[in-house]
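Q: Mind looking over this structure? Questions follow.
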Amino acid sequence: MTDIVGIDLGALFIFERTAKGEDVDDWLEERIRHWAPEAIYIDAPLSLPGVYFGKGDDHFFRRADRLAGGMSPMFLGGLTARAIRLAAQWRARGIEVHEVYPAALIRHEWDYLRIPSGRAIPPHKLRLMAGMFALPPPVAKDRHEADAWLCWLSGHRHRSGRAKVIGDQEEGAILV
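What follows is the structure, encoded as structure tokens:
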């Protein structure tokens, strides 16, 4: 049993990947059944802007997206829909699911470690982040794997009461 899982929808903290051409959602469902985590921390929007539920007038962004500097769930379209569907399935099985945003974690907590978008996080910066939590640094092959670890790290921060909540729980909050 795994306590928590960090997902970038490109890689997992233990850095398992799907084979090229394999159905990612089916593969991910099988892994989640196998691990039976208590909680999942995922780098993907898990809700739509409040305007679609009679709150506010922004059709593109949730308050959390604006505060975190994230992309619009509407622009991400299919990824948002997949994440919402997967989260609903996992929650129906009693698994907590939380939205996290690795770039916001770095921006809000460790701005001095900022890495240009799309670039790999240098190993020395991963070691610095890991050292702050007395955790072993990951050996990430690319930004997706590093982001999956940062998702897990956000979960670790949340479980230990150190995570910040960005946005509004009712519309959709992001943990960092």
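Using numbering that gives the first Met the number 0, you'd call the opening residue of the sequence shown number 0 and step up by one each time.
Glycine residues also receive a C-beta, built at the ideal position from the N, C-alpha and C atoms.
Since we're looking at a predicted model, the values are computed, not measured.
Counting along the chain, where does the beta strand (DSSP E) carrying Ala-172 start and finish?
A: Counted from its first residue, the sequence shown places residue 172 at position 173. From DSSP, the beta strand (DSSP E) with Ala-172 extends over 171–174.
Q: To the nearest angstrom, report how far apart Ile-94 and Asp-56 are at their CA atoms.
A: In the sequence shown, counting from the first residue as 1, residue 94 sits at position 95. In the sequence shown, counting from the first residue as 1, residue 56 sits at position 57. Cα-Cα distance, rounded: 32 Å.
Q: Pull up the CB-CB distance for Gly-171 and Ser-71, whole angstroms please, since I reckon it's below 8 Å.
A: Translated into positions along the sequence shown, residue 171 becomes position 172. Translated into positions along the sequence shown, residue 71 becomes position 72. That belief does not hold up - the Cβ atoms of Gly-171 and Ser-71 are roughly 12 Å apart, past 8 Å.
Q: Could you give the residue range of the alpha helix (DSSP H) that holds Asp-24?
A: Mapped onto the sequence shown, residue 24 falls at position 25. Run containing Asp-24: 23–34, per the alpha helix (DSSP H) assignment.
Q: When the Cα of Ala-91 is compared with those of Ala-38, Met-73, Gly-5, which residue comes out closest?
A: By 1-based counting over the sequence shown, the position of residue 91 is 92. The shortest C-alpha separation from Ala-91 is found at Ala-38.
Q: Quick one: Cα of Gln-88 to Cα of Val-99, how far?
A: As a first step, residue 88 must be located in the sequence shown, where it is residue number 89. As a first step, residue 99 must be located in the sequence shown, where it is residue number 100. Going by the C-alpha atoms only, they are around 18 Å apart.
Q: Verify whether the separation of the beta carbon atoms of Ser-153 and Leu-174 is less than 7 Å.
A: To locate residue 153, count along the sequence shown from 1; it is residue 154. To locate residue 174, count along the sequence shown from 1; it is residue 175. Going by C-beta atoms, Ser-153 is nearer than 7 Å to Leu-174.
Q: Looking at the unbroken beta strand (DSSP E) that takes in Glu-98, where does it start and where does it end?
A: Position 99 of the sequence shown, counting from 1, holds the residue named residue 98. From DSSP, the beta strand (DSSP E) with Glu-98 extends over 95–98.
Q: By the three-class DSSP mapping on this structure, what secondary structure does Val-50 have?
A: By one-based count along the sequence shown, residue 50 stands at place 51. Reduced to three states, the DSSP call for Val-50 is helix.
Q: Can you tell which of Glu-29, Pro-101, Ile-83, His-155 has its C-alpha closest to the C-alpha of Gly-69?
A: In the sequence shown, residue 69 corresponds to position 70, counting from 1. Comparing Cα positions, the closest option is Pro-101.
Q: Out of Ala-139, Ala-63, Glu-15, Met-73, which one is the CA nearest neighbour of Val-164?
A: The residue labelled residue 164 in the question sits at position 165 within the sequence shown. Val-164 has its Cα closest to that of Ala-63, out of Ala-139, Ala-63, Glu-15, Met-73.
Q: In chain order, what residues of the same chain lie with their CB nearer than 6 Å to the CB of Met-0, ignoring the 5 residues before and after it?
A: Counting from one through the sequence shown, the residue named residue 0 turns up at place 1. In this prediction, Met-0 has a pLDDT of 44, which is less than 50 and means its spatial position is unreliable; nothing more can be read from the coordinates.
Q: Could you work out which residue in Ala-67, Arg-106, Trp-109, Ala-82 is closest to His-97 when comparing CA atoms only?
A: For the purposes of this step, residue 97 is taken as residue 98 along the sequence shown, with counting starting at 1. Considering only alpha carbons, the answer is Ala-82.
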